[in-house]
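Numbering (my numbering), first residue to last: 27 to 415.
Idealized CB from N, CA, C, for every residue including glycine.
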Amino acid sequence: MPPPRKRGKGLRHRLAELRGPETQAKALDARALAALAANPGCRRRAILDGAGVDKAALAGALGSPSVFGQSQFAFVRGNAFEAKVKADGGTELLRLAHEKLDRGAEPPAGARVPDLTAQGPEGRTARTELALREAAESPGDWTLLDHPMLALDVAGSLAFLEPDAVVVHPDGSWTVVEIKSFPMLDGAADPAKVGAAARQAAVYVLALERVAERLDPPPRVRHRVLLVCPKDFSNLPTASAVDVRKQRAVTARQLARLTRIEEIADTLPEGVCFSPELPAEQLEQAVESVPATYAPECLSACELAFHCRDRSRAAGAVTSLGRPVRAELGGLTTVGDVLAAARGEAGDPDDPAVAALRRAATLRAEALASAAEGTREAAEGTREVAPCR
C-alpha cells in the first residue's frame with residue numbers, strides 16, 4: 027500500500043474531487059459517526075463520509091434509494107419541543123439537570139447562557155471552547171451552552187459536531203444534553219430509541235473530552251448524559267439520566283480502528299468520483315472500487331445499505347446473514363464455501379467450523395431420512411385400512 031498522504035490541502039483537494047467539484051460537502055454528524063463506529067471495517071462508508079458525499083443522493087442515483095430518515099413532521103415537532111425545553115434561558119432544562127444529575131448543588135437561578143455565534147464551524151468551535159474555558163475558570167454557577175460546536179478527529183478527517191446543549195455544573199463538570207421528541211411513558215422510553223440516543227451522546231462525550239484535555243486542570247466530563255423527552259402523551263418535558271460509559275468505550279475503540287481516510291483515498295484509481303450526477307454505470311464502478319463490509323444492521327444506519335445488500339447477496343457473502351453467523355464460520359466467506367464444506371467437498375476437516383457443518387449436515391440427512399420413513403409407513407398403514415361402507 028502506498029504511504030499515506032500528508033494531511034492538509036492535498037487531502038482536502040482529493041476529497042473534493044471524490045465528491046465532485048460542484049457538490050457541497052455533507053457534514054458528518056454524531057448519528058453518522060455512531061453508525062460508522064458500529065461498522066469500522068467498511069472502507070466504503072469511511073471514504074464516502076470522509077469526503078462528505080451525500081449517500082442518500084448516491085443511493086438514489088444507483089437505483090437503490092434509502093428509505094430511512096426523519097420525516098418532515100417529526101423534524102418540525104422535534105424543533106418545537108426543543109424550543110419549549112430551552113425557553114426562558116433554559117430554566118426548565120437546568121431544573122431537570124439539577125433534579126436528575128446534581129441534587130447536591132445549589133438550584134440553578136440566573137444561569138449564564140453565553141453567545142456562541144461565530145463565523146463558520148471553525149469559528150464556532152473556538153467560541154465554544156472559550157465559553158467552556160471561562161465557565162471552568164468561574165465555578166459556583168450553572169452555565170448552559172445552547173447548540174455548541176465541537177470538533178473530533180475521525181480517521182484523519184475533522185468532524186464538526188453540534189449537540190443540543192452542554193450544561194456546566196457549579197463544580198465545573200460538564201454534561202451532554204440530548205433532546206428527543208419520542209415520549210417517555212411512565213418514566214421509560216423505547217429501549218431501541220434510547221440506545222440510539224446514547225450512542226449519539228457518546229460521540230459528543232468523546233468530543234467534549236478532547237476539549238477538556240486542553241485545559242489545566244481538565245474539567246470532568248460526566249458519563250451520565252441528560253436525555254430530555256416529552257412526558258407521556260403531553261408536550262411537557264421530562265428527563266432521565268443515561269449512563270453512556272459502555273457506548274463511549276465502544277465508540278472510542280471502533281473509531282480508533284478506522285483506516286485513515288488518506289490511506290483509503292490513496293488506494294483508489296485515479297479519476298474516481300462519487301458524484302450522483304455521473305452516469306449510473308460509471309458511478310457504480312466508482313462505488314464498487316471501494317470494498318464494503320455489509321451486515322443486516324446497516325439497513326437501519328446507512329443510506330447505501332440496499333445497494334450493498336444486493337451486491338453481497340449476488341456474491342454469496344456470508345456477511346449478508348449477519349455478523350454472528352459470519353463469526354461462527356471462520357475462514358468460510360461465501361455461502362458456496364459453506365455448502366461445499368458441509369457436503370465434504372472442500373474445507374479442512376480439522377477446522378472446527380467445517381467439522382460442525384459436516385456434523386450438522388449428517389444430522390439433517392438423518393432427520394430427513396427418518397421423516398421420510400415415517401411418512402412412508404403412515405401411507406402404507408392407511409392403504410391397509412379398509413374403507414368404511
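- If the five residues before and after L84 are omitted, its C-beta is found closer than 8 Å to the C-beta atoms of L74, F300, P302, L309, V313, E329, L330, all from its own chain and listed in chain order.
- Under the DSSP definition of a beta bridge, I205 partners with V254.
- About 7 Å separates the beta carbons of L252 and L122, which is inside the 8 Å limit, making them a contact pair.
- Boundaries of the alpha helix (DSSP H) harbouring V237: 217 to 239, taken from the DSSP string.
- Where P350 is concerned, the enclosing alpha helix (DSSP H) starts and stops at 349 to 354.
- Going by C-alpha positions, A177 is about 33 Å away from T345.
- Nearest C-alpha to P174 among G182, S164, P189, D167: P189.
- Secondary structure of D172 (DSSP, three-state): strand.
- With fewer than three CB-CB distances shorter than 8 Å, the segment 111 to 125 does not count as touching the segment 270 to 281.
- Counting C-beta pairs with one atom in each stretch, the segment 216 to 225 and the segment 149 to 166 have fewer than three that are closer than 8 Å, which means they do not touch.
- Looking from the CA of V268, the closest CA among L127, P322, P91 belongs to L127.
- The criterion of a C-beta distance shorter than 8 Å is not satisfied by L187 and P140.
- Residue pairing of P244 in beta bridges, as defined by DSSP: absent, with no partner found.
- Taking 8 Å as the cut-off, the Cβ atoms of A162 and L44 do not count as close.
- Proximity of the segment 63 to 83 to the segment 108 to 115 falls short of the contact definition, fewer than three beta-carbon pairs being nearer than 8 Å.
- Rounded to whole angstroms, A278 and L142 show a C-alpha spacing of 27 Å.
- Going by DSSP, S266 is part of the beta strand (DSSP E) stretching over 263 to 269.
- Assignment of V180 by DSSP, reduced to helix, strand and coil, places it in the strand class.
- Taking all protein chains in view, the Cβ of P305 is surrounded by fewer than 16 other Cβ atoms within 10 Å, so the residue is classified as exposed.
- When beta bridges are read from the DSSP output, L187 appears opposite L176.
- Going by DSSP, R153 is part of the alpha helix (DSSP H) stretching over 146 to 162.
- DSSP places V139 outside both helix and strand once states are collapsed to three, so it counts as coil.
- K126: member of the alpha helix (DSSP H) spanning 113 to 127, first to last residue.
- Counting of Cβ neighbours within 10 angstroms places H249 among the buried residues, the total reaching 16 or more.
- Shown here, L309 sits in a helix according to DSSP, grouped into three states.
- When DSSP assignments are scanned along the segment 47 to 86, the uninterrupted stretches of alpha helix (DSSP H) that are 4 or more residues long and fall wholly within it turn out to be 56 to 64, 69 to 77.
- Closest in C-alpha terms to P295, from the list A282, Q311, E307, comes Q311.
- Straight-line measurement puts the Cα of A353 at about 49 Å from the Cα of E160.
- Counting other Cβ atoms within 10 Å of its Cβ, Q226 reaches 16 or more and is therefore classed as buried.
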